[in-house]
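Notes follow once the structure below has been shown.
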Amino acid sequence: MAILTTRALKKHYGRIIAVDGVDMETRDGELLAVLGPSGSGKTTLMRLVAGLEEPSAGELFIDGRSIVGVPPRSRNIAMVFQNYALYPNMTVRDNILFPLRARKMPPDEQRRQLDWVAGILEITDLLDRRPTRLSGGQSQRVALARAMVRTPDLFLFDEPLSSLDAQIRSQARGELRELHDRTGITTLYVTHDQTEALGLADRIMVMEKGTVHQIGTPQQLYYDPADTFVAGFIGDPPMNLLPLDGRIIGVRPEHFHLAAEAPGEEIALELDIEVEHLEFLGAEWLIYGVVRRGVTEQRRPPRVIGRLRQAAVPTLSTGETHHFVVTRRDACFFDPETGQRLSQAKVAVA
Amino acid sequence: MNAGPTGSDRAAPTRPDGALARLALALERPRVLGALMLAPAVLYVVAFVAVPFFIAIALSMSDATVGDPQIDTFVGLDNFIAVVSQSGFRLALRNSLLITTLTVLILLVLATTAVELLARDFRGKRLVQVLFMIPWAMPVSLSAITWLWVLDSQYSPIDWVLVQIGLLGPGGTFGPSWNLFYLGREGLAIASIVLVDVWRTLPLATIIVLAGRLSIPRERLEQAQLDGAGFFRILFRIIIPALAPVLTVAILFTALLVIGEMSTIALLTRGGPGHSTQILPFWAYLKGINSGDLGQGAAIALFLFPVLLAAAIVALRFAYRAGRD
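Residue numbers (my numbering), protein chains in the order written: chain A, 70 to 419; chain B, 23 to 347.
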């Protein structure tokens, strides 16, 4: 268990800047997801923490001790790579024992650790197999076992679920969370999949172009995005961003109400939307529309996506224009120049 | 066929007219194209590998000489028996195996070391790569002249250095003489030949091994680092096991190259002093061409063939299996 801190951490390769001044701190024992589109610097950040890259500038601390310049083998950080990087020339047992042998742990202690970790991950019957004879899910468990067996200070996961089939991915996600709760080891979890981050993490750090946009709980990110990037990145479909009186108003798709069904609250936005297309998603409908009136006039009328949480066929149909409202409580306001949030936070800081 | 111009235009796609169009159509069939593409390689192998090989077998079982090169009298295994019973044979066989084994062993160590260097990024890597390849690109005769000077009995620069630091000359560790006579003493001559063979084949061995080294995923090596392994643990437990298939191929290629190589000997020692550095290929050349006994020369040259063939098959099988795992 440990706290990881970075201070003005920078990494550039020639003129390409991968990580551009990251200041962050994990909490002890938390699972922190690092979320961002590809090229956002999240993997570089993880490699810096692991010691596989040296920072160009800035500091890295574990429990207050600087780890810059400490070789990876001395950092006691375990990493699970995207492709698991199992050693193909060794059995599963030798794979798991490798970090213990490298640390010259006494054999009886090695055996105890192996039994413990194999029991937790339910891979006892795989120990004599070769990695080539393992399924994707089994490989992942073995990689986790190898990472866990030496009880590291810090876990680093680099998109560990992306090479699994879609069917077992959600199951693996649940197992990963359970494993984290059992071990309580501080974990950095790099992913570009927001479903994974929202469903798995205690907190999420959103990165783009090497900088951190926001660190917060999944709820904070969803309801209180710090800027327009986070607003437009989190959520599927993401927040609608519309110009209104010199500001940008952000509205989640589910927060558009038909005027007739509007709740009796202060209204922040009234607008006419022409329905272009309806999409049935089982428990809900998505409405794709064009704003005809209600926001600041633009050369091209902005498009919006609304969400109706009902299975029944909605009363609106394609081509009709309807009047929608958004309450003051649901709306977020952003500065159009900087993209920064203007209004107050809605979710209490955890 | 339609007489009208528009009519014939429409019929064109169904049936090609003209020799060129028919040829193009034939070439689109994989079988025809495949046979055509393979033909040069097959022709080459037949003309320059298969035919000489079978002529050599025929020669080895005939009484052909340079004066009477007709393969007309079948003498069975007489040539082989005659060759084996000669005193030079055992020496040549021993030297061939000794030089090849020593060369390959040293090559393995040096190639693996060189590959570890070349797999890393450092300033001036390109230059090192070019320098590394020079022995391979250099003509044998040119490099032999250089080596003849380096190993010269009177003007060897190695001797000069040894004398300067006091190891050679009266009172020195290596004896009272001012020279070591590298090519004039059996042990040193064989060592010198091994040295030159290693120098010449190292680029090939390194390139083969480097290809295998670069195909090891970087994550696997980084994982080992994070798992706490040091340089030697990573080398012996991760890298060398992963290199097993290419190392086998490298051993096979360099061993076949060195065991069949006679130019080094021909240019450095000519098998001497006496027969002490004689090897099978050069002896075959001396017997078959210089002495004119084509039958015995062919018999010597063919002597190692079954052994080498068996070794090659075993090695390639192993490499294939290890590569699949």
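A virtual CB, placed ideally from N, CA and C, is assigned to each residue, including glycine. Because the structure is a prediction, the values reported are computed rather than measured.
Quiz item: Does the pairing of the segment 117 to 135 of chain A with the segment 192 to 203 of chain A give three or more beta-carbon distances under 8 Å?
Solution: no
Self-check item: Cβ-based neighbour list, residue 389 of chain A, same chain, cut-off 8 Å, excluding 5 preceding and 5 following
Solution: Translated into positions along the first sequence, residue 389 of chain A becomes position 320. Answer for residue 389 of chain A: 343 and 344, listed in chain order.
Quiz item: Going by other Cβ atoms of all chains shown within 10 Å of its Cβ, with 16 needed for buried, is residue 78 of chain A buried or exposed?
Solution: For this step, residue 78 of chain A is matched to residue 9 along the first sequence. That one is buried.
Quiz item: So is residue 127 of chain B buried or exposed if we call it buried at 16+ other beta carbons inside 10 Å?
Solution: In the second sequence, the residue the question calls residue 127 of chain B occupies position 105. Residue 127 of chain B comes out exposed.
Exercise. Would you mind sorting residue 76 of chain B into buried or exposed? The rule is 16 or more other CB atoms within 10 Å of its CB.
Key: As a working note, residue 76 of chain B is residue 54 in the second sequence. Label assigned to residue 76 of chain B: exposed.
Quiz item: Looking at residue 240 of chain B and residue 265 of chain B, is the spacing between their C-beta atoms short of 8 Å?
Solution: One-based indexing of the second sequence puts residue 265 of chain B at position 243. One-based indexing of the second sequence puts residue 240 of chain B at position 218. Result no, Cβ atoms of residue 265 of chain B and residue 240 of chain B do not sit closer than 8 Å.
Quiz item: How should residue 391 of chain A be labelled, buried or exposed, when 16 other C-beta atoms within 10 angstroms of its C-beta is the threshold for buried?
Solution: Stepping through the first sequence from its first residue, residue 391 of chain A is reached at position 322. So residue 391 of chain A counts as buried.
Self-check item: Nearest-angstrom beta carbon gap, residue 273 of chain A and residue 294 of chain A [assumed within contact, 8 Å]
Solution: Reading the first sequence from its first residue, position 225 is the one you call residue 294 of chain A. Reading the first sequence from its first residue, position 204 is the one you call residue 273 of chain A. Residue 294 of chain A to residue 273 of chain A, Cβ: 11 Å. No contact.
Quiz item: For residue 117 of chain B, which of helix, strand or coil comes out of DSSP?
Solution: Here residue 117 of chain B is taken as the residue at index 95 of the second sequence, counted from 1. Three-state DSSP puts residue 117 of chain B in a helix.
Quiz item: Is DSSP giving residue 126 of chain B helix, strand or coil here?
Solution: Sequence index remark: in the second sequence, residue 126 of chain B carries index 104 (1-based). Helix at residue 126 of chain B.
Quiz item: Residues of chain B with a CB under 9 Å from the CB of residue 196 of chain A: which are they?
Solution: Locating residue 196 of chain A in the first sequence gives position 127, counting from the first residue. Near residue 196 of chain A there are no residues of chain B at all, since even the closest Cβ is about 18 Å away, more than 9 Å.
Practice problem: Locate the beta strand (DSSP E) running through residue 283 of chain A, then write down its first and last residues. | Solution: Position 214 of the first sequence holds residue 283 of chain A. Looking at the DSSP string, the run of the beta strand (DSSP E) that includes residue 283 of chain A is 280 to 285.
Practice problem: Would you please verify whether the beta carbon of residue 148 of chain A is less than 8 Å from any beta carbon of chain B? | Solution: The residue given as residue 148 of chain A occupies position 79 in the first sequence. At least one chain B Cβ lies under 8 Å of residue 148 of chain A.
Practice problem: Give the DSSP-derived three-state secondary structure of residue 135 of chain A in the structure shown. | Solution: In the first sequence, residue 135 of chain A corresponds to position 66, counting from 1. Of the three classes helix, strand and coil, the one that applies to residue 135 of chain A here is strand, per DSSP.
Practice problem: Closer than 9 Å by beta-carbon distance: list the chain B residues that pair up with residue 119 of chain A, in chain order. | Solution: Counting from one through the first sequence, the residue named residue 119 of chain A turns up at place 50. In chain order: 244, 247 and 248.
Quiz prompt | Simplified DSSP assignment, three categories, for residue 301 of chain B | solution = In the second sequence, the residue the question calls residue 301 of chain B occupies position 279. It is coil, neither helix nor strand.
Quiz item: Which runs of the alpha helix (DSSP H) fall wholly inside the segment 83 to 121 of chain A and span at least 4 residues, in chain order?
Solution: 111 to 119
Quiz prompt | Through-space distance from residue 364 of chain A to residue 313 of chain A, alpha-carbon basis | solution = Within the first sequence, numbered from 1, the residue matching residue 313 of chain A stands at position 244. Within the first sequence, numbered from 1, the residue matching residue 364 of chain A stands at position 295. The straight-line gap from Cα to Cα measures roughly 5 Å.
Quiz item: Cβ of residue 219 of chain B within 8 Å of Cβ of residue 171 of chain A?
Solution: Stepping through the second sequence from its first residue, residue 219 of chain B is reached at position 197. Stepping through the first sequence from its first residue, residue 171 of chain A is reached at position 102. No, the Cβ-Cβ distance between residue 219 of chain B and residue 171 of chain A is not below 8 Å.
Quiz item: Based on the DSSP output, what are the partners of residue 342 of chain A in its beta bridges?
Solution: Your numbering for residue 342 of chain A matches position 273 in the first sequence. For residue 342 of chain A, which the question treats as bridged, DSSP gives the partners A:360 and A:391.
Practice problem: Between the Cα of residue 294 of chain B and those of B:117, B:277, B:201 and B:86, spot the shortest distance and give me the residue it belongs to. | Solution: The sequence position of residue 294 of chain B within the second sequence is 272, counting from 1. Among B:117, B:277, B:201 and B:86, the Cα nearest to that of residue 294 of chain B is on B:117.
Quiz item: What does residue 255 of chain B touch in chain A if you count any residue whose Cβ is under 7 Å from its own?
Solution: Mapped onto the second sequence, residue 255 of chain B falls at position 233. In chain order: 171.
Exercise. Give the single residue among B:259, B:155 and B:290 whose Cα lies nearest to the Cα of residue 224 of chain B.
Key: Here residue 224 of chain B refers to the residue found at position 202 when the second sequence is read from its first residue. Comparing Cα-Cα distances from residue 224 of chain B to each of B:259, B:155 and B:290, the minimum goes to B:155.
Self-check item: Three-state class that DSSP yields for residue 84 of chain B in the structure shown
Solution: Here the question's residue 84 of chain B lines up with position 62 in the second sequence. Reduced to three states, the DSSP call for residue 84 of chain B is strand.
Quiz item: Is it true that the segment 136 to 145 of chain A meets the segment 243 to 261 of chain B, where meeting means three or more beta-carbon pairs spaced less than 8 Å apart?
Solution: yes
Quiz item: If you follow the alpha helix (DSSP H) that residue 301 of chain A is part of, which residue opens it and which one closes it?
Solution: Reading the first sequence from its first residue, position 232 is the one you call residue 301 of chain A. Residues 297 to 302.
Practice problem: Could you tell me which residues DSSP pairs with residue 409 of chain A in its beta bridges? | Solution: By 1-based counting over the first sequence, the position of residue 409 of chain A is 340. According to DSSP, residue 409 of chain A bridges with A:296.
Quiz item: By the 10 Å Cβ neighbour count, where 16 or more other Cβ atoms means buried, how is residue 251 of chain A classified, buried or exposed?
Solution: Position 182 of the first sequence, counted from the start, is the residue given in the question as residue 251 of chain A. Residue 251 of chain A is exposed by the Cβ-count criterion.
Quiz item: Going along the chain, which residues of its own chain have a beta-carbon closer than 7 Å to the beta-carbon of residue 334 of chain A, five neighbours each way excluded?
Solution: For this step, residue 334 of chain A is matched to residue 265 along the first sequence. Excluding positions up to five away in sequence, the list reads 396, 397 and 398.
Quiz item: Just the Cα atoms here: how many angstroms apart are residue 319 of chain A and residue 354 of chain A?
Solution: Position 250 of the first sequence, counted from the first residue, corresponds to residue 319 of chain A. Position 285 of the first sequence, counted from the first residue, corresponds to residue 354 of chain A. So the two alpha carbons sit approximately 20 Å from each other.
Quiz prompt | Contact between the segment 292 to 307 of chain B and the segment 322 to 329 of chain B (3+ Cβ pairs under 8 Å) | solution = yes
Self-check item: Residue range of the unbroken beta strand (DSSP E) whose run includes residue 420 of chain A
Solution: Because residue 420 of chain A is not part of the residues shown, which for chain A are 70 to 419, the question remains open.
Exercise. Would you list the one or two residues that DSSP bridges to residue 295 of chain B?
Key: As a first step, residue 295 of chain B is located in the second sequence; it is residue number 273 there, counting from the start. Beta-bridge pairing links residue 295 of chain B to no other residue.
Quiz prompt | residue 66 of chain B versus residue 268 of chain B - alpha carbon distance | solution = Translated into the one-based positions of the second sequence, residue 66 of chain B becomes position 44. Translated into the one-based positions of the second sequence, residue 268 of chain B becomes position 246. Roughly 27 Å separates the two Cα atoms.
Quiz item: Closer than 8 Å, CB to CB, is residue 174 of chain A near chain B or not?
Solution: Here the question's residue 174 of chain A lines up with position 105 in the first sequence. Output row for residue 174 of chain A: interface = no.
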